[in-house]
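The sequence shown begins at 3 in my numbering and counts up by one.
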Amino acid sequence: MQEPGQAIVLAGTSGAGKSSTVTELQNILPAPFLALGLDMFFGTLPHRWTSDGERSSEGFSYIRDTDHEGRTRLRIGYGPVGARMLAGMRQAVASLLREGNNVIVDEMPIDTTVLPAWRTVLAGHRVLWVRVKAPVAVLESREAERFPEKFRGLSRGHYDICDQEGFDLTLDSSELAPQERAQRIAAAVAAFPRTR
């Protein structure tokens, strides 16, 4: 019987440094790890069900509002098509693990149900839970460099959502370069118990 693989779940807002950490992790981990993430799955949906498409309310849409301080933020909302995709993404990762594949998940929780849903689906698997974060000002600066104006505000919009308990490791990308973050995660993977 094939031994199940291990998962590393990197959770953080837009601009937190997850993707650059994933790239470095794949370069240094001694075993192969597949890299899957929310952005990859978003890219599989036809445009009509995303962003400003005519059926985005069924898939994924952007919701602009203000936080408790009156600052503009952007959140991602989803309808039934989006909910099915998110559930399918989690099940796909669980299936890959059952078949012996190691997986790094690059996850930006878009609401408070996302991380608990991952924990439920991955229960019984070897999972290292990593929060990748940075101060909001740093995240917003990164967004300004990466995105046009209409997509800015995601980091502020999802910042509090990522502030949940249960992480094995928390890394501040404003203090650690991608290589340093990857090294810390790799060390945690090496020390991680076979079962939990």
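Just so you know, even glycine gets a beta-carbon here, dropped at the ideal spot from N, CA and C.
- By the criterion of a C-beta distance shorter than 7 Å, G81 is surrounded in its chain by S59, E60 and G61, once the five residues flanking it on both sides are discounted.
- For K152, the closest alpha carbon among the candidates T25, R66, D41 and A13 is that of R66.
- Looking at N29, L99 and V95, the one whose alpha-carbon comes closest to that of E109 is V95.
- Within a 10 Å sphere around the beta-carbon of S16 sit 16 or more other beta-carbons, which makes this residue buried.
- Between W120 and V11, the beta carbon gap of about 6 Å places them in contact (Cβ cut-off 8 Å).
- The stretch 162 to 177 and the stretch 37 to 47 do not touch, with fewer than three beta-carbon pairs separated by less than 8 Å.
- Note that the C-beta distance between L156 and N104 is not below 8 Å.
- When only Cα atoms are considered, P137 and R57 end up about 34 Å apart.
- Counting only unbroken stretches of 3 or more residues, the beta strand (DSSP E) elements lying wholly within the stretch 13 to 39 are 35 to 39, in sequence order.
- Taking C-beta atoms under 8 Å as the contact rule, R75 and R158 qualify, at a distance of about 4 Å.
- Taking R50 as the centre and dropping the five residues before and after it, the same chain places the C-beta of E56 and R57 closer than 6 Å to its C-beta, in chain order.
- In this structure, the beta-carbon distance from V107 to A9 falls below 8 Å.
- From the listed residues V83, V129 and I30, the smallest Cα separation to P48 is found for V83.
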